Each structure stands twice: as structure tokens, then as C-alpha cells.
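Residues -27 to -1, 1 to 274 in mature numbering (1 follows the signal peptide of the UniProt record, and there is no 0) are what the sequence shown lists, from first letter to last.
For each residue, glycine too, the CB sits at the ideal point set by N, CA and C.
Note that this is a predicted model, so its numbers are computed, not measured.
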Amino acid sequence: MRRTSRPAIIAVVLAAVSLLAASCAHSVEGGPVLDEQSVRDAAIERFNEVIGNVHTYIRQDRSARAREQWTATVNEQHRTSDNTHLYHGDPPTTLVKRGAVSEGTNLDLFHPAGSNRDYLLLGEHYRKLAPTPWVTLPTSYDGAINDVCLLPGKMGLCKMIDSISLTAKEGGPNITKMGYRNPDGSVNLLSNVTVENFIDSRVILFPDDIKNQLTPKILESQLSARVDLTKANRVTFAQINGTITDGDKKFDIDITHEVEGNAQPGDFPTTPSGAELTVIKDDEKANALLDKALQMHLETR
């Protein structure tokens, strides 16, 4: 997983802002005089513009292959995840490939465009759950027709942006809200997310009592956030990370969303059928099997 030093980046940017402000503070006859606050205000305005562009990208993008990775440590508990999400078309065909830590622990979920069925591919580790490698279930993506943030490949990014926006809206001391355009036209957003807003936005699903395991100081502390976009305002990378400690309590997180390119029709499997497929029509049985498979997968991480 790519890990970057957000404080270092922010320090460099602030230094550049200060330098620009200083150079502009000397008036040139007939020219405007800019102060540091004006430059900071411009950076915040760019930040708001970038947030809007990210929301537009999420609504309008029709094809991507995105890898989402995270590591999380809460006190003595540690978990990792490494999934690849693909979507293509409108309505979308989707595929979630959950990373295998060892042979046979792969667990993929495939949804053909417009279908009322999902297809779960079980690695050898899960074969006791069904007599065939593929299981078909009633689809869980009906709501994605009206809410694109329910789609694989967009859900994680949506929650990351929600946590950034919520923290920016609340404001407070030392909250970074900066957006800037690079010489090649690409755009970067730098910000912060409080631990509490990260948890409340459900960027990662923690136990319901997670806040009780942390101190108020940790919940109020800030994580670093970054979002990168191309010149055409296509998201390429997003990250929230940080390590917060208070006495014997610890919250350490690093989550990344990296767009590796467009998904192609050939990236998706052929809809399974016949002897390789177990059909489950009952929602309750389908949910029970999926929950068990996901729990078994979590235990491998």
C-alpha cells in the first residue's frame, strides 16, 4: 500500500502559500496587492470546487477498476482488507474481487447488468457452504439504481468524501481545507478527518461499541486526507491515514482508493449456470450464507 507523509506535504504547500503571499505583498505600481489570507481563501475556494468535482465524478463515471486497501488497528485489534472493485456500463455490470491471503480464500461477487441475481464465487476455503463453486442469490444492488454510492467501486470513495466534507463543515482549529492545481492540470485536495467523523461515516465497518473503546482525545484527533484528480476531474487516488495514541489506547488507520483504469467487458466472468451453480431464492437463506462467507473471509485477514 502506498503510504505518504501528509504533514510533510501540507508543510510544503503552506510554505509555498506563504512564499507566494510574501512575494505578492510588495505592491507593483498599477498591480494588485495580495496578502496571505487572500491566498488561503483561494485555496479553500479551490477545495470546495474539488469536492464538487468529486461528487460529479461519482455520479457520472461509468467504468472503473479500483483497488481499495486498508489496515486498521484499534488498541490490540488489527484487521486488513484488499479488494478490487470493477464496474462498467449503465446499468452497470459489477464485480468485487476480495483479495486472497492464501490459495483458496478468494471470494468474488458478480452482478450482471440489469439482473435481479448476484453470483458468489466461493474459493476452496468456503466450499462447505455450498456444493458448487458458484452460488446465485437475490441481488443486493436494487437501490444502486437510485443511489450510485451503493455501487461497488463507489461506496468506499463516497464514504471517504463524506467524512472529509463533514469535518470541513464542522470547521475547528487546524482543519486543513486546501485544493490546488498542478502545472500538468491535475488537481490535489488536502484535508483532515476527525476520528469520530471517520467512524460515523462508516468508511470502515467497526463494532457498534467502537467509540467506547477510545478516549475523547482520540475521537477529536485528526487524520490526514488526500484526493487526487486528473485534469479532466477523474479521481485517481484517495487516502485517509494517521496514528493516534492516548495512554494505552491507539487508533491507527490507512485506507486507500486507487483507480487503476477503466474496466473492460472481458474483465467480467460469463454468467454461470448448470452444474457449477447452486440457486438460492430465499432472501433469509441468501443473507445467512453471505454473512457466513464474509465472516470466514474476515477471519483469514
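With the rule of 3 Cβ pairs closer than 8 Å, the region 186 to 197 does not count as touching the region 52 to 64.
By the Cβ rule, the region 132 to 143 counts as touching the region 165 to 179, because three or more pairs are nearer than 8 Å. Going by DSSP, Lys223 is part of no alpha helix (DSSP H) but of the beta strand (DSSP E) stretching over 222 to 234. His84 and Thr67 have their alpha carbons spaced roughly 5 Å apart. From the listed residues Val200, Glu169, Leu196, the smallest Cα separation to Gln186 is found for Glu169. Where Lys265 is concerned, the enclosing alpha helix (DSSP H) starts and stops at 256 to 272. Boundaries for Phe179: no alpha helix (DSSP H) harbours it, and the DSSP string shows neither H nor E there. Under the 8 Å Cβ criterion, the region 35 to 54 counts as touching the region 218 to 234, having at least three qualifying pairs. Around the Cβ of Arg38, a 10 Å sphere holds 16 or more other Cβ atoms; the residue is buried.
The Cβ atoms of Ala211 and Leu130 sit closer than 8 Å to each other. The closest CA to that of Asp256, considering only Ala248, Met151, Ser113, is found on Ser113.
Around the CB of Ser246, fewer than 16 other CB atoms lie within 10 Å, so the residue is classed as exposed.
Relative to the Cα of Asp227, the nearest Cα in the group Ala198, Thr218, Asn155 belongs to Ala198. The shortest C-alpha to C-alpha distance from Thr244 to any of Trp107, Leu80, Pro156, Leu124 is the one to Trp107. The beta carbon of Lys70 sits closer than 6 Å to the beta carbons of Thr57, Asp81 from its chain, once the five residues preceding and following it are set aside; these are given in chain order.
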